[in-house]
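The structure under discussion appears below in the form of structure tokens.
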Amino acid sequence: MSTTAPEGLFVLEGRPTAQLIADQLREQIVQGVFRPGQQINESVLSSQLRTSRGPVREALQRLAQEGILVSHRNRGVFVLELSTADIKEIYAVREAVESTAANTLLDAGQAQINDTCQVLKGILKDMAKQVAVSDWQAIARLDMEFHTSFVAGAGNTRLIRIYKTLAAESRMCMLNLEVSYPRADVLVEEHQNLLDLLETGDRKGLLKAIKQHMQKAVEDLTAQTQANDSTTGETPPAEVD
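Take the sequence shown: its letter number 65 is residue 426 in the numbering used here, and every next letter is one higher.
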């Protein structure tokens, strides 16, 4: 993989901080500007951002701690390559977090549920528009915005913090299916069902729907990952320390 940053990656006004660099770089990674397995060159980024290597190094360390980047000793820092096992882990944890958020939200009272549903309705409206024009970047972003807002509705800051990394990893998975995702036409319907169950306070139905939603996503994502491996003749990369 090339170690060169894509031309015109991003420009930060003023003196860039490590957090700002990390946020911008994370977004570029989940959008596919940096591809899985590609090396992130600290020196190139420092030069492009016209800043010292300190904030860039700290930003890369933050993303490595989140798991989006992987640091290999004596080789450098690379964008995470998601294996079938990784996908299963991500969505298992997402199911656990969203189920906890659902229970917390349903226990919080109708006012908090109504506020969350209002936010989700706006996201669903935008999602339907993007599905109609097949803007996959926007669809993936709105999909995760829906789930992130759902979790945020519970008001648990630690759940929200955990979910931030899961959301980024999930978008990386989803964007790899840009051409062949088999269920784009039912995305809005599936999310509308989650919204309806939350709005009516159907705890059992909502938890079951979350589980099914995650299981189906894993089936779609892992099927495409295996198909890609078969087409290229590649085997999934071995895990390294």
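Glycine is no exception: its CB is placed at the ideal position from the N, C-alpha and C atoms.
Treat the numbers as computed from the prediction; the structure is a model and nothing was measured.
Subject >> Counterpart residues of Pro430 in DSSP-defined beta bridges >> reply: In the sequence under discussion, the amino acid at residue 430 is Leu, which differs from the Pro named in the question. Answer by DSSP bridge pairing, in chain order: Val440.
**OP:** Identify which residue in Asp487, Arg455, Met535 and Ile484 has its Cα closest to the Cα of Met575.
**Re:** Arg455
Original post:
So, Val631 versus Leu430, is the Cβ gap smaller than 8 Å?
Top reply: Residue 631 cannot be examined here, being either before or after the span of the chain that is shown, 362 to 602.
Original post:
Per DSSP, Gln400 is paired with what?
Top reply: Phe439
Original post:
Quick one: any contact between the region 492-499 and the region 379-388, if contact means 3 or more CB pairs under 8 Å?
Top reply: no
**OP:** Could you say which of Met505, Val579, Ile382 and Asn464 lies nearest to Thr412 if we only look at CA atoms?
**Re:** Ile382
**OP:** Output the distance between the C-alpha atoms of Ala584 and Leu527, rounded to the nearest integer angstrom.
**Re:** 20 Å
Original post:
By how many angstroms is the C-alpha of Arg522 removed from the C-alpha of Leu466?
Top reply: 17 Å
Original post:
Terminal residues of the continuous alpha helix (DSSP H) containing Gly483?
Top reply: Gln471 to Val494
Original post:
For Ala578, which of helix, strand or coil comes out of DSSP?
Top reply: helix
Original post:
Are the Cβ atoms of Ala570 and Leu556 separated by less than 8 Å?
Top reply: no
Original post:
Hey, Ser510 and Val549: beta-carbon distance below 8 Å or not?
Top reply: no
**OP:** Sort Thr378, Gln399 and Gln392 by Cα distance to Leu410 and report the nearest one.
**Re:** Thr378
**OP:** Starting from Asp504, follow the alpha helix (DSSP H) in both directions and report where the run begins and ends.
**Re:** Trp497 to Ala513
Original post:
Can the beta-carbon of Leu443 be found less than 8 Å from the beta-carbon of Glu506?
Top reply: no
Original post:
So, Leu421 versus Glu403, is the Cβ gap smaller than 8 Å?
Top reply: yes
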